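K.L.:
Counting the sequence shown from 1 gives a position; my numbering is that position plus 2.
Note that CB positions come from ideal geometry on N, CA and C, so glycine has one too.
Remember, it's a predicted structure, so these values are computed and weren't measured experimentally.
Here it is: the structure, laid out below.
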Amino acid sequence: MLMPKPDQAVIARRAELAQALRTIVPGEGVIDTDEELRAFDCDGLMAYKQLPLIVVLPETTAEVAAVLKYCHANNVKIVPRGSGTGLSGGAMPLADAITLGLSKFKKILDIDFDNRCVVTQPGVTNLAISQAVEYAGFYYAPDPSSQIACSIGGNVAENSGGVHCLKYGLTTNNILGVEMVLMNGEIVRLGGKHLDSGGMDLLGVITGSEGLLGVITEVTVRILRKPETARALLIGFPTMVDAGNCVADVIAAGIIPGGMELMDKRTIHATEDFVHAGYPLDAEALMIVELDGPESEVVYLVSRVEEIARAANASYLRISESDEERARFWSGRKNAFPAIGRISPDYICVDGTIPRRKLAEVLERMQGISEKHDLRVANVFHAGDGNLHPLILFDANVPGELERAEAVCSDILKLCVEVGGVLSGEHGIGVEKRDLMGSMFTEDDLKQQQRVKCAFDPEHLLNPGKVYPELHRCAELGKMHIHHGKLPFPDIPRF
């Protein structure tokens, strides 16, 4: 098969940028051949791919600042990229932009047990932080299923959660500070090792901003003492409605588990075949509830959850007797995504959040959406905080199936908003949900959000085309500039 001839204008532009960038990032830090660029053509949302114009892999904050300063002066777009595990297309390249990869920022800089924090570069994996402090009895609480591969910088960009976010919070609840580079090349610090900063919550603005406001080059995270005791319950139900009701009953009883996860029958079978965790194959729904804390408290809460589950028509109940058994319970949930990959050529992982009281209703209506589009859906989600992760199974080689999968995603996300939920719990908007933003926000809402974007990046050079279905010129919104390392904000009316 003959490859298409390279576009001469692209070749010329790539050569120009490569020459300039190699003066900033020496050695092998600039990638400019089609073969090597293909490794960066998508993130975890692999249904959509685009070859980047060029990739640059700096190793220091000074190099990042110099790259951004050059791009700002020459009107060059930048797409920041962490480990590429994101599931909303937030790191998907642009054909006319530089992809700025931070994979070489992989050092833990400081472990401070006195202040219970770790200072780390953004390319360090989520799990590596816990592994670095576990010898002293500490850990980092947010634990996305991809924690073995996803980077802490990407976690900040997407405000990632995980199975234990119900009790311990998302990334935003577990970071103390960041160092970041603005689009004009200025380096700023927000927060630090202290618990709270005075003034506006700029750290909260940056967390979850999906690479639209700056490039993070250092993160200070909060670490916690490992709980004295942790036990998990594996609970099967004859229907998903029973399981949903049990979730609501546990929370209504004032119990906040360390983790609370649900899987449907399709996911139960796929994960059991994959990791052999000992799941009951006759259950229509399977819930994992983990309780942690002082031993006496855990013993009491386990008995209360057992009582609530049996009252909610549980058909199977098993309580972990050791840390090894508890880890085995979780192994299926942690491997649910790769397990589903064994039963379907392709899938799209949806991320939406709903009020817990709507769980049973939404699951029932999702079944109707699945039947409407004639595609299978496997459900696995953070039940305690209502964060759904339906997996839409399809085959991209079958004409029309990708389009039908996109329609299922769209219908599910619109349903989440309809019942009082939101478009994303932790995966972000990216390109996947960009065109659905109007279902959740008014035009005035979106303009208000873009005023913040304009304060950081007036020329819209950072990750353009993501999050917002339409970009407004800053002059239309009340353009402002960042200067002298300060971050002025527009005079946004208060509601």
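Does the beta carbon of C411 come closer than 8 Å to any beta carbon on chain C?
P.N.:
This model lacks chain C altogether; it includes just one protein chain.
K.L.:
If we ignore side chains and look at the alpha-carbon of each, how far apart do P357 and L39 end up?
P.N.:
Numbered from 1 along the sequence shown, position 355 holds the residue referred to as residue 357. Numbered from 1 along the sequence shown, position 37 holds the residue referred to as residue 39. Between P357 and L39, the C-alpha separation is close to 42 Å.
K.L.:
With C-beta atoms as the reference, is E326 less than 8 Å away from L319?
P.N.:
By 1-based counting over the sequence shown, the position of residue 326 is 324. By 1-based counting over the sequence shown, the position of residue 319 is 317. Their beta carbons are not under 8 Å apart, which means E326 does not touch L319 by this criterion.
K.L.:
Here's a check: name, in chain order, each residue in its chain whose Cβ is nearer than 6 Å to the Cβ of V419, leaving out the five neighbours to either side.
P.N.:
In the sequence shown, the residue the question calls residue 419 occupies position 417. Cβ neighbours of V419 beyond the five flanking positions: S441, M442.
K.L.:
Here's a check: name, in chain order, each residue in its chain whose Cβ is nearer than 6 Å to the Cβ of H196, leaving out the five neighbours to either side.
P.N.:
Stepping through the sequence shown from its first residue, residue 196 is reached at position 194. Excluding residues within five positions, none has a Cβ falling inside 6 Å.
K.L.:
Closer than 7 Å by C-beta to D9: which residues in its own chain qualify, once you throw out the five before and the five after it? Chain order, please.
P.N.:
As a working note, residue 9 is residue 7 in the sequence shown. Same-chain partners within the cutoff: there are none.
K.L.:
Return the CA-CA distance between P460 and R224, expressed in angstroms with no decimal places.
P.N.:
Along the sequence shown, one-based indexing puts residue 460 at 458. Along the sequence shown, one-based indexing puts residue 224 at 222. Spanning the two alpha carbons is a distance of roughly 32 Å.
K.L.:
Note down, in chain order, each residue of its chain lying with its Cβ closer than 8 Å to the Cβ of P54, except the 5 sequence neighbours on either side.
P.N.:
For the purposes of this step, residue 54 is taken as residue 52 along the sequence shown, with counting starting at 1. Cβ within range, chain order: L39, F42, D43, V81, P95, L96, A97, A99, I100, T101.
K.L.:
Using a Cβ-Cβ cutoff of less than 7 Å, which residues in the same chain neighbour I394 once the five nearest sequence positions on both sides are dropped?
P.N.:
On the sequence shown, position 392 is the one that residue 394 refers to. Hits under 7 Å: Y349, I350, V352, L377, V379, A407, V410, C411.
K.L.:
Need the endpoints of the alpha helix (DSSP H) that H271 sits in, please.
P.N.:
Working through the sequence shown from its first residue, we reach residue 271 at position 269. 267-277 is the span of the alpha helix (DSSP H), which, as asked, contains H271.
K.L.:
Measure the alpha-carbon distance for A68 versus T35 and round it to whole angstroms.
P.N.:
Position 66 of the sequence shown, counted from the first residue, corresponds to residue 68. Position 33 of the sequence shown, counted from the first residue, corresponds to residue 35. Cα to Cα, the separation comes out at about 23 Å.
K.L.:
Which of helix, strand or coil does DSSP assign to M368?
P.N.:
Indexing the sequence shown from 1 puts residue 368 at position 366. M368 falls in the helix class under three-state DSSP.
K.L.:
Are at least three pairs of beta-carbons, each pair with one atom in the segment 134-141 and one in the segment 155-170, less than 8 Å apart?
P.N.:
Too few Cβ pairs lie closer than 8 Å, so no.
K.L.:
Would you call the segment 121-137 and the segment 145-155 in contact, with 3 or more CB pairs under 8 Å?
P.N.:
As far as the Cβ criterion goes, the segment 121-137 touches the segment 145-155, which means the pair count is three or higher.
K.L.:
Pick out the complete beta strand (DSSP E) segments inside the segment 117-154, 3 residues or longer, and give them in chain order.
P.N.:
With a minimum length of 3 residues, the continuous beta strand (DSSP E) runs that stay inside the segment 117-154 are 119-122.
K.L.:
Kindly confirm or deny that the segment 194-212 and the segment 225-236 touch, where touching means at least three C-beta pairs closer than 8 Å.
P.N.:
Touching, no, given that fewer than three Cβ pairs across the two stretches are closer than 8 Å.
K.L.:
Whose C-alpha, out of K51, P340, E405, L264, is nearest the C-alpha of Y281?
P.N.:
The residue you call residue 281 lines up with position 279 of the sequence shown. Comparing Cα-Cα distances from Y281 to each of K51, P340, E405, L264, the minimum goes to L264.
K.L.:
Return the Cβ separation of G216 and G430 in integer angstroms, given the expectation that the two are a contact with Cβ distance under 8 Å.
P.N.:
Start at 1 with the first residue of the sequence shown, and residue 216 comes out as number 214. Start at 1 with the first residue of the sequence shown, and residue 430 comes out as number 428. No, G216 and G430 are not in contact; Cβ-Cβ is about 16 Å, not under 8 Å.
K.L.:
Among the residues of its own chain, which have a CB less than 6 Å from the CB of F491, if the five just before and after it don't count?
P.N.:
Walking along the sequence shown from the start, residue 491 turns up at place 489. In this prediction, F491 has a pLDDT of 35, which is less than 50 and means its spatial position is unreliable; what the coordinates show is noted afterwards. So the qualifying residues of the chain are A457.
K.L.:
In chain order, what residues of the same chain lie with their CB nearer than 8 Å to the CB of I253, ignoring the 5 residues before and after it?
P.N.:
On the sequence shown, residue 253 is found 251 positions in, with the first residue counted as 1. Taken in chain order, the residues that qualify are R358, G386.
K.L.:
Cutting at 8 Å between CB atoms, please list the residues of its own chain near H485, excluding the five before and the five after it.
P.N.:
Along the sequence shown, read from residue 1 onward, the residue named residue 485 stands at position 483. Its pLDDT being 39, under 50, H485 is placed unreliably in this model, and the value from its coordinates should be taken loosely. Correct list: empty, nothing qualifies.
K.L.:
Kindly list the residues whose CB is nearer than 7 Å to the CB of R500, restricted to its own chain and excluding five residues on each side of it in sequence; keep chain order.
P.N.:
Outside the shown range of the chain, which is 3 to 497, sits residue 500, and nothing can be said about it.
K.L.:
Taking contact to mean at least 3 C-beta pairs separated by less than 8 Å, is the segment 153-161 in contact with the segment 72-89?
P.N.:
Verdict: yes, contact present.
K.L.:
Candidates E445, L464, L303, F239: which alpha carbon is nearest P471's?
P.N.:
To locate residue 471, count along the sequence shown from 1; it is residue 469. Comparing Cα positions, the closest option is E445.
K.L.:
Pick out the complete beta strand (DSSP E) segments inside the segment 398-477, 3 residues or longer, and give them in chain order.
P.N.:
List check, beta strand (DSSP E) in window: nothing returned.
K.L.:
Between the alpha carbons of K2 and L70, how many angstroms are there, rounded?
P.N.:
Beyond the ends of the chain as shown, which are 3 and 497, falls residue 2; an answer cannot be given.
K.L.:
Within the same chain, show all residues whose beta-carbon is closer than 7 Å to that of L448, passing over the 5 residues directly before and after it, in chain order.
P.N.:
Stepping through the sequence shown from its first residue, residue 448 is reached at position 446. Same-chain partners within the cutoff: M439, Y470.
K.L.:
Which residues does DSSP pair with A99 in a beta bridge?
P.N.:
What you label residue 99 is simply residue 97 of the sequence shown in a count that begins at 1. In the DSSP output, where bridge partners are listed per residue, A99 has K79.
K.L.:
Quick one: Cα of N399 to Cα of H271, how far?
P.N.:
Residue 399 sits at position 397 when you count from the first residue of the sequence shown. Residue 271 sits at position 269 when you count from the first residue of the sequence shown. Rounded to whole angstroms, N399 to H271 spans 25 Å at the Cα level.
K.L.:
Is G246 near the ligand GTP, with its Cβ less than 7 Å from a heavy atom?
P.N.:
With respect to small molecules bound, the structure shown includes none, and the ligand GTP cannot be examined in it.
K.L.:
Going along the chain, which unbroken runs of the beta strand (DSSP E) with 3 or more residues stay wholly within the segment 257-344?
P.N.:
Runs of the beta strand (DSSP E) inside the segment 257-344: 261-266, 287-295, 318-321.
K.L.:
Measuring only the C-alpha atoms, how far is A20 from T63?
P.N.:
Residue numbering aside, residue 20 sits at position 18 when the sequence shown is read from its first letter. Residue numbering aside, residue 63 sits at position 61 when the sequence shown is read from its first letter. Going by the C-alpha atoms only, they are around 19 Å apart.
K.L.:
Give the DSSP-derived three-state secondary structure of M5 in the structure shown.
P.N.:
To locate residue 5, count along the sequence shown from 1; it is residue 3. Below a pLDDT of 50, predicted positions are generally treated as unreliable, and M5, at 48, falls in that range; the measurement from the model is reported next regardless. Three-state DSSP puts M5 in coil, outside helix and strand.
K.L.:
A311: which of L293, M289, E299, G261 sits nearest, CA to CA?
P.N.:
For the purposes of this step, residue 311 is identified with residue 309 of the sequence shown, where counting begins at 1. The shortest Cα separation from A311 among L293, M289, E299, G261 belongs to M289.
K.L.:
To the nearest angstrom, report how far apart V27 and V57 are at their CA atoms.
P.N.:
Locating residue 27 in the sequence shown gives position 25, counting from the first residue. Locating residue 57 in the sequence shown gives position 55, counting from the first residue. Each residue's Cα considered, the two are about 11 Å apart.
K.L.:
Of all the beta strand (DSSP E) runs that stay within the bounds of the segment 5-59, which reach a length of 3 or more residues?
P.N.:
Runs found: 56-58.
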